[in-house]
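Below you'll find the structure, written out as structure tokens, and then a few comments.
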Amino acid sequence: MLRRNGPVMKSVESVLRLEGSLWWERFVKLMCIGQSGSTHREYYLEDETGKYKLQDSTEERDLGVMVLRNLHSRIQCSKVATKARSVLGMVKRNFRRLDEEDFLIIYKTYVRPHLEYCIQLWSPHLATDVLCPEKIQRAATKIVPGLKKLEYGDRLKHLGLTTLETRRKRGDLIETYNILSGKENIESNKFFELSNNAHNFRGHSMKISVKRYRLNVRKFFFSQRVIAHWNSLPEYVVTAPSTNTFKNQLDKHWTDMDN
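Structural data, given as structure tokens:
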């Protein structure tokens, strides 16, 4: 049972004990999301041996992702960039020359996965955080002979790649399509509320209602950050019959927009 300024849990069994030490001392901590300072509240864990105060934490590592109290991705961006940079350095040391085909295989297999690990959770929104992983891809595309002197955008077009920011936006839109079209076992109303187009003749028939928010924690959450991009799509894209068709139509739409 959870209580403020009182016992947090009761009837804690001996299974929480690990080699004579209390399990909670190593793994149970308190983090209040969105709070910039101390919580000014005390939380306790109680079992048959007594009552213990939980430690307040501002950052924790979970499944390889650093989660901060304010949900900023600064530390995680630095972490993945360092890891990807070390892998990229290893590639440079072991391959004297890479053609475009070999580079794409190595980059997509060994470098980019580090830059996009659990990206749906820590998707960066601050300019400095967005540039941090992008710099790694910018440097990686210079490995291919003949492309080093080209501009970054030209190198991406030549290699058939997009910016990491565009890939994140594309991934959000694909997930949104799968949720709204019922292709995933997720209740869409838990994330989105379809807009009433009765008096709005602009846009498509699956526009999402924009909700008000006060904090950046909510503003850059998946169900909020994707709305503007989703609502700007044409009807033939959002009503695609399958996920693969949606991907193809989305890519075609973006290509037509660039031309």
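Heads up: the sequence shown is residues 447 to 705, going by this note's numbering.
Just so it is clear, CB atoms sit at the ideal spot from N, CA and C, and this is done for glycine as well.
As the structure is a computational prediction, the values presented were derived from the model and not from experiment.
Here LYS497 carries a strand assignment [DSSP, helix/strand/coil].
Note that the segment 591 to 603 does not touch the segment 555 to 565; fewer than 3 beta-carbon pairs, one per stretch, sit closer than 8 Å. If you ignore the 5 residues before and after VAL533, its C-beta comes within less than 6 Å of the C-beta of TYR556 and VAL557, all in its own chain and listed in chain order. Around the beta carbon of VAL656, a 10 Å sphere encloses fewer than 16 other beta carbons of the protein chains shown; the residue is thus reported as exposed.
Beta-bridge pairing by DSSP links ILE565 to no other residue.
Burial is judged here by how many other beta carbons sit within 10 angstroms of a residue's own beta carbon; LEU640 has fewer than 16 and is exposed.
In this structure, LEU696 sits away from LEU610, with a CB-CB distance that is not shorter than 8 Å.
In the DSSP assignment, GLU611 falls within the unbroken alpha helix (DSSP H) covering 610 to 626.
Secondary structure at VAL511: strand, using DSSP grouped into helix, strand and coil. With contacts defined as CB atoms closer than 8 Å, LEU509 and ILE479 fail to qualify as a contacting pair. Within 10 angstroms of the beta-carbon of PRO687 lie fewer than 16 other beta-carbons, which makes it exposed.
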